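*Asks:*
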Amino acid sequence: MPRKKDINFALLGLGKLGQGFYRLWQAKKEEILRKTGFNLNLKKILVKHKDFERPDWVDNSLITTNLAEIVEDPEIKIAIDAMGGIEPTFQVIKQIIANKIHLISANRTLLAARMHELADQANKNKIYIQPEPALGGGVPIISSIQRDLLANNVKALYGILSGTSNLILTKMTEEHISLKEALKSKEVLQAAESLSIVDYEGSDAAQKVAILAAAAFGIDLSYLEIYAEGIADITEFDVKCADDFGYVFKFLAIIRDYGDRFEVRVHPTLVPKNHPLALVRGEYNAYLIETDLLDDFMVYGRGVGLDATNSLILRDLLFIGNIIRYSPNRLDTYRLNWNDKPVASIEEVESAYYIRFPCKDKPGVIGLIANILGKNNINIASAHAEVEKKYTNSIGFVHILIKRAKEKQVLKSIRDVETLDITSDKVKLFRILKEV
């Protein structure tokens with residue numbers, strides 16, 4: 001066995017995530033010591049209330065409510081943020097960084113809101129912030145871009161970054177059920193119990209995208225500025241129409257580098273059935289990265305559960321510990337560099353689209369719609385009309401697949417069509433991955 005080397009660290013918070021990490025640390029520390037020679041030595045656990053009743057497997061001698069016991073201990077080199085929230089956590093983390101203690105953070109809310117400030121302070125103090133556990137799941141996407149793809153020019157990233165949302169969409173697609181029914185399913189309820197957020201509105205995904213954009217691309221963007229559209233409005237009929245045209249729904253984060261600007265967004269996307277991301281089922285996450293040297297590079301893994309997140313925390317402990325022991329000068333060159341290129345608004349985004357017009361029973365409807373699209377310089381890839389029998393009424397639909405166009409042109413076309421009084425219900429629009 002390699003000679004023992006201590007990695008001394010503190011755990012901030014002992015809630016559901018903190019307890020999950022503690023149990024995994026207990027289970028894995030001897031195996032890690034045997035494999036690597038590193039002794040992961042937990043010295044302190046910071047909590048809000050010391051007298052709170054805790055499981056009997058927690059070593060109460062490690063518990064403290066006094067942050068000074070951590071920041072003033074010269075042996076503690078790394079802290080794990082499992083507290084959650086912005087305040088008072090932000091004040092705690094600022095003291096951690098000011099005392100040159102490396103930070104591993106699973107605190108999505110804090111990083112999404114204060115990433116720039118924390119990263120700049122980390123740069124100033126020559127310490128690492130490891131934000132990857134905050135994305136949830138166990139897929140090493142940030143480290144893949146920062147280290148494995150360092151020689152590559154990353155042109156675009158497409159990510160399934162919500163295991164619960166992917167599970168819901170998988171069930172809707174394969175079992176032909178509604179969103180409401182999927183949310184009540186045993187698998188989705190189990191995923192929610194394991195600390196995963198059932199994010200069908202898109203706000204949680206926007207936070208993940210903000211962290212990913214900052215850490216992997218240097219994009220300084222508040223999560224409130226990111227275009228985020230959840231899966232709440234996807235219906236059984238939407239899923240059926242997608243299937244009829246050769247697509248499946250995926251809740252995708254998209255980050256593209258056009259050289260002079262970035263594109264950052266997260267929303268339901270129609271993915272061709274033969275695309276690798278279309279094959280990602282259930283509670284799994286996956287990221288497809290377009291590069292100049294490797295073309296498409298893909299990482300895949302479990303996106304739900306405490307063990308998935310905590311596996312990244314353990315990895316980061318070993319990563320930082322290894323640098324402290326063997327390459328301390330690397331810390332002098334560590335920087336998160338910010339990119340000053342602008343981020344395009346959603347109106348300026350270019351994509352292929354699927355549009356469904358619920359139409360009244362009037363002659364020449366397809367021609368009227370096609371004429372308006374043409375006036376707005378939009379090229380139609382295909383157009384299809386159908387009548388669906390619903391209860392005692394017949395409902396007409398015009399399905400349009402359009403080639404790559406700016407979103408503002410597409411939205412203007414829809415508004416123009418609605419002025420003609422030929423639609424009978426809300427027009428549905430979904431973006432398509434790749435060309436049609």
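Position 150, counted from 1, in the sequence shown is what UniProt numbering calls 150; the numbers after and before it change by one each time, with no gaps.
Note that beta-carbon positions come from the ideal geometry of N, C-alpha and C, so glycine has one too.
Since this is a predicted model, take the numbers as computed values, not measurements.
(1) Under three-state DSSP, which class holds Glu229?
(2) Does the distance from the C-beta atom of Lys155 to that of Arg256 stay below 9 Å?
(3) From which residue to which residue does the alpha helix (DSSP H) around Asp243 run?
(4) Would you say Ser351 and Ile432 are within 9 Å of each other, going by their C-beta atoms?
(5) If you count every other CB in all the chains shown that lies within 10 Å of the CB of Asp292, and 16 or more means buried, which is it?
(6) Quick one: complete alpha helix (DSSP H) runs, 4+ long, within the stretch 25-76?
(7) Could you please give me the residues that DSSP links to Thr291 through a beta bridge?
(8) Between which two residues does the beta strand (DSSP E) containing Val417 stretch?
(9) Which residue's Cα is closest to the Cα of residue 442: Leu212, Ile219, Leu270?
(10) Beta-carbon separation of Ala253 and Tyr353 under 9 Å?
(11) Is the Cβ-Cβ distance between Leu111 and Gln207 less than 9 Å?
(12) DSSP state of Gly396, grouped into three classes?
(13) Where do the N-terminal and C-terminal ends of the beta strand (DSSP E) with Asn107 fall, by residue?
(14) Assign Gly364 to one of three DSSP states: helix, strand, or coil.
(15) Mind reading off the beta-carbon distance from Leu17 to Ala106? Whole number of angstroms is fine, and I expect it under 8 Å.
(16) Answer yes if the stretch 162-179 comes into contact with the stretch 273-292, meaning at least three C-beta pairs across the two stretches below 8 Å, and no otherwise.
(17) Within this structure, are the beta carbons of Ala214 and Leu224 separated by less than 9 Å?
(18) If you count every other CB in all the chains shown that lies within 10 Å of the CB of Ala98, and 16 or more means buried, which is it?
(19) Could you name the residues that DSSP lists as bridge partners for His384?
(20) Suppose the cutoff is 8 Å on Cβ atoms and the five residues either side in sequence are ignored; what does the same chain contact list for Thr392 look like?
(21) Pick from Thr64, Met298, Ala308, Phe262: whose alpha carbon is nearest that of Ser345?
(22) Please classify Gln26 as buried or exposed, where buried requires at least 16 neighbouring CB atoms within 10 angstroms.
(23) What are the boundary residues of the beta strand (DSSP E) that includes Val304?
(24) Would you tell me roughly how many angstroms separate the C-alpha atoms of Glu236 and Ala242, rounded to the nearest one?
(25) Can you tell me the Cβ-Cβ gap for Phe9 and Leu317, rounded? I've got them flagged as a contact below 8 Å.
(26) Beta carbon of residue 440, beta carbon of Leu14: below 9 Å?
(27) Would you kindly report the start and end of the unbroken alpha helix (DSSP H) that includes Ser203?
(28) Answer with buried or exposed for Leu306, where buried requires no fewer than 16 other C-beta atoms within 10 angstroms of its C-beta.
(29) On the CB-based measure, 16 or more other CB atoms within 10 Å of its CB, does Arg415 come out buried or exposed?
(30) Please identify the residue among Ile324, Glu347, Phe397 whose C-alpha is closest to the C-alpha of Phe357.
(31) What first and last residue would you give for the alpha helix (DSSP H) that runs through Ser351?
(32) Taking the alpha carbon of Leu401 as the point to measure from, which residue in Leu179, Val71, Ala370, Ser311 has its own alpha carbon closest?
(33) Assuming Asn376 is part of the alpha helix (DSSP H), what are its boundary residues?
(34) Counting C-beta neighbours from all protein chains within 10 Å, is the total for Thr333 16 or more, i.e. buried, or is it exposed?
(35) Determine the closest residue to Met83 out of Leu420, Gly20, Phe217, with distance taken between C-alpha atoms.
(36) Three-state secondary structure (DSSP) at Asp148?
*Replies:* So, from the listed chains and residues:
(1) Taking the sequence shown and counting its residues from 1, one reaches residue 229 at position 229. Coil.
(2) For the purposes of this step, residue 155 is taken as the residue at position 155 of the sequence shown. For the purposes of this step, residue 256 is taken as the residue at position 256 of the sequence shown. Against a cut-off of 9 Å, the Cβ pair of Arg256 and Lys155 comes out as a contact.
(3) For the purposes of this step, residue 243 is identified with residue 243 of the sequence shown, where counting begins at 1. Here the alpha helix (DSSP H) through Asp243 covers 236-244.
(4) Translated into positions along the sequence shown, residue 351 becomes position 351. Translated into positions along the sequence shown, residue 432 becomes position 432. Contact: yes.
(5) Translated into the one-based positions of the sequence shown, residue 292 becomes position 292. It counts as exposed.
(6) 68-71
(7) By 1-based counting over the sequence shown, the position of residue 291 is 291. According to DSSP, Thr291 bridges with Val154, Asp295.
(8) Here residue 417 refers to the residue found at position 417 when the sequence shown is read from its first residue. No beta strand (DSSP E) contains Val417, which is instead part of the alpha helix (DSSP H) from 407-418.
(9) Residue 442 falls outside the range modelled here, since the chain spans only 1 to 436, and no answer is possible.
(10) Here residue 253 is taken as the residue at index 253 of the sequence shown, counted from 1. Here residue 353 is taken as the residue at index 353 of the sequence shown, counted from 1. Contact flag unset, no.
(11) Within the sequence shown, the letter at position 111 stands for residue 111. Within the sequence shown, the letter at position 207 stands for residue 207. Cβ atoms of Leu111 and Gln207: closer than 9 Å.
(12) Working through the sequence shown from its first residue, we reach residue 396 at position 396. In this structure, Gly396 counts as strand in the three-state DSSP scheme.
(13) Start at 1 with the first residue of the sequence shown, and residue 107 comes out as number 107. Here Asn107 belongs to no beta strand (DSSP E), and DSSP marks it neither H nor E.
(14) Position 364 of the sequence shown, counted from the start, is the residue given in the question as residue 364. Reduced to three states, the DSSP call for Gly364 is coil.
(15) If you number the sequence shown from 1, residue 17 lands on position 17. If you number the sequence shown from 1, residue 106 lands on position 106. The Cβ separation is near 6 Å, so the contact holds.
(16) yes
(17) Working through the sequence shown from its first residue, we reach residue 214 at position 214. Working through the sequence shown from its first residue, we reach residue 224 at position 224. No, the pair does not count as a contact, with Cβ atoms beyond the cut-off.
(18) Working through the sequence shown from its first residue, we reach residue 98 at position 98. Ala98 should be labelled exposed.
(19) Start at 1 with the first residue of the sequence shown, and residue 384 comes out as number 384. His399.
(20) On the sequence shown, position 392 is the one that residue 392 refers to. Confidence at Thr392 is low in this model, with a pLDDT of 44, below 50, so its placement is unreliable and the value that follows should be read with caution. Taken in chain order, the list of residues that qualify is empty.
(21) Your numbering for residue 345 matches position 345 in the sequence shown. Closest option to Ser345, Cα to Cα, is Phe262.
(22) Stepping through the sequence shown from its first residue, residue 26 is reached at position 26. The residue in question, Gln26, is exposed, as its Cβ has fewer than 16 Cβ neighbours within 10 Å.
(23) Locating residue 304 in the sequence shown gives position 304, counting from the first residue. From DSSP, Val304 is part of no beta strand (DSSP E); its letter is neither H nor E.
(24) Mapped onto the sequence shown, residue 236 falls at position 236. Mapped onto the sequence shown, residue 242 falls at position 242. Approximately 10 Å, taken between the alpha carbons.
(25) In the sequence shown, residue 9 corresponds to position 9, counting from 1. In the sequence shown, residue 317 corresponds to position 317, counting from 1. About 6 Å; that satisfies the 8 Å criterion.
(26) As displayed, the chain neither begins before 1 nor continues past 436, which places residue 440 out of reach and without an answer.
(27) As a working note, residue 203 is residue 203 in the sequence shown. Note, Ser203: alpha helix (DSSP H), 203-217.
(28) One-based indexing of the sequence shown puts residue 306 at position 306. So Leu306 ends up on the buried side.
(29) Residue 415 sits at position 415 when you count from the first residue of the sequence shown. Exposed, since its Cβ has fewer than 16 Cβ neighbours within 10 Å.
(30) Position 357 of the sequence shown, counting from 1, holds the residue named residue 357. Checked all of Ile324, Glu347, Phe397; the closest Cα to Phe357 is Phe397.
(31) Locating residue 351 in the sequence shown gives position 351, counting from the first residue. First-last for Ser351: 350-359, but that is the beta strand (DSSP E), not the alpha helix (DSSP H).
(32) Residue 401 sits at position 401 when you count from the first residue of the sequence shown. Looking at the Cα atoms, Ala370 is the closest of the given residues.
(33) Position 376 of the sequence shown, counting from 1, holds the residue named residue 376. Where Asn376 is concerned, there is no enclosing alpha helix (DSSP H), given that its DSSP letter is neither H nor E.
(34) Here residue 333 refers to the residue found at position 333 when the sequence shown is read from its first residue. Because the pLDDT at Thr333 is just 48, under 50, the model does not fix this residue reliably, and the point stays unresolved.
(35) Taking the first residue of the sequence shown as position 1, residue 83 is located at position 83. When each option's Cα is compared against that of Met83, the closest is Gly20.
(36) Reading the sequence shown from its first residue, position 148 is the one you call residue 148. It is helical.
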